[in-house]
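Here is the structure we will look at.
Structure (structure tokens):
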């Protein structure tokens with residue numbers, strides 16, 4: 359199996375990162391979607407939506423939206439302050455992004471645990487799961503998000 363992160367001679371390193379991360383992002387999005395669908399359709403008998411579940415889902419959704427952004431920005435700022443080499447910028451961004459993926463997904467997975475514990479209330483899952491998916495695409499590892507992360511690390515004024 360070939361290394362998806364290996365640089366091709368004629369390829370821009372930034373574009374290579376975006377191309378390599380796209381299937382990873384798609385896989386994480388599909389994984390979250392499948393987990394949510396299985397939970398609501400097969401695991402939970404008589405699913406119900408309650409106010410407490412929705413409130414917990416909103417809190418978990420906010421964590422899923424804002425935590426990855428802060429974590430990635432912090433990691434990129436630290437890398438820039440240490441003087442990351444221009445050739446290592448895609449690697450630094452990739453490391454920060456994988457941490458951001460974890461930060462975006464964990465709240466949705468906490469919602470899965472809460473749904474299993476409650477037995478019926480799927481409100482937390484119905485709110486936090488879509489937010490986690492959108493956060494993955496727009497804040498963490500979608501093409502535009504990756505371009506923003508790369509620019510943030512390269513430009514001192516991007517703070």
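Residue numbers (the working numbering): 359 to 517. We put the CB at the ideal spot given by N, CA and C, even for glycine. Since the model is a prediction, treat every value here as computed from it, not as a measurement.
- Message: Within 10 Å of its beta-carbon, does residue 403 have 16 or more other beta-carbons around it, so buried, or fewer, so exposed?
- Response: Exposed, by the Cβ-count rule.
- Stretch pair the region 377-387 + the region 499-510: three plus CB contacts closer than 8 Å: Of all C-beta pairs linking the region 377-387 to the region 499-510, three or more are shorter than 8 Å, placing the two stretches in contact.
- Length of the line joining the Cα atoms of residue 485 and residue 439: Linking residue 485 to residue 439 through their CA atoms gives a straight-line distance of about 37 Å.
- CB of residue 499 within 7 Å of CB of residue 455, strictly: Taking a C-beta distance under 7 Å as the contact criterion, residue 499 and residue 455 qualify as a contact pair.
- Task: Confirm, please, whether the CB-CB distance from residue 426 to residue 521 is below 7 Å.
- Result: In the structure displayed, the chain extends from 359 to 517; residue 521 sits before or after that span and is not available.
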